[in-house]
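**Student:** Numbering-wise (this note's numbering), the sequence shown opens with residue 15 and increments by one.
We put the CB at the ideal spot given by N, CA and C, even for glycine.
Here the structure is a predicted model, which is why all the values come from computation and not from measurement.
Quick one: this structure, given as structure tokens, is what I'll be asking you about.
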Amino acid sequence: LEQLLLKTVQQSAQQTGNMDTLVIEPSMADAIQRSLMNATQEQENAGRPAVLVVSSQLRPVLSRFIRNTIEHLSVLSYQEIPDNKTITIVATVGAQ
């Protein structure tokens, strides 16, 4: 999914000159949001913080994409995680 979203952002940038745009099909957007909501809810139910880790190119776009729908989900890029921190992958989000 990440590669597909990166390609979409790059195509939008070529057309508009703006890397901050994510233009995807409504059904894909809904599937991604549902998947993120479910993963976030599972983490919150387990008493753990929910964090979406993505590439630095996608971070601002995805942060804006989910900001108004999933309040408790933090979006970080891989580069923002210090080397001395361990993360556990508990879910992979995709548009199935």
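#1: Only counting runs of 3 or more residues, tell me where the beta strand (DSSP E) segments fall wholly within the stretch 37-100, in order along the chain.
#2: Please state if the CB of Leu20 and the CB of Ser69 are separated by a distance shorter than 9 Å.
#3: Among the residues of its own chain, which have a CB less than 7 Å from the CB of Pro74, if the five just before and after it don't count?
#4: Over what stretch of residues does the alpha helix (DSSP H) that includes Ala27 continue unbroken?
#5: Run the CB neighbour count on Leu50, radius 10 Å, all protein chains shown included, and call it buried at 16 or more, exposed below.
#6: Buried or exposed: where does Leu18 fall if 16 or more other Cβ atoms within 10 Å of its Cβ makes it buried?
#7: If you draw a straight line from the alpha carbon of Ile46 to that of Val107, how long is it in whole angstroms?
**Tutor:** In brief:
#1: 64-68 and 87-91
#2: Position 55 of the sequence shown, counted from the first residue, corresponds to residue 69. Position 6 of the sequence shown, counted from the first residue, corresponds to residue 20. The answer is yes: Cβ separation under 9 Å.
#3: As a position in the sequence shown, residue 74 is number 60, starting the count at 1. Around Pro74: Asp34.
#4: Along the sequence shown, read from residue 1 onward, the residue named residue 27 stands at position 13. From DSSP, the alpha helix (DSSP H) with Ala27 extends over Glu16 to Thr30.
#5: By one-based count along the sequence shown, residue 50 stands at place 36. Buried, because 16 or more other Cβ atoms sit within 10 Å of the Cβ of Leu50.
#6: By one-based count along the sequence shown, residue 18 stands at place 4. Leu18 is exposed by the Cβ-count criterion.
#7: Sequence index remark: in the sequence shown, residue 46 carries index 32 (1-based). Sequence index remark: in the sequence shown, residue 107 carries index 93 (1-based). Answer to the nearest angstrom: the Cα atoms are 7 Å apart.
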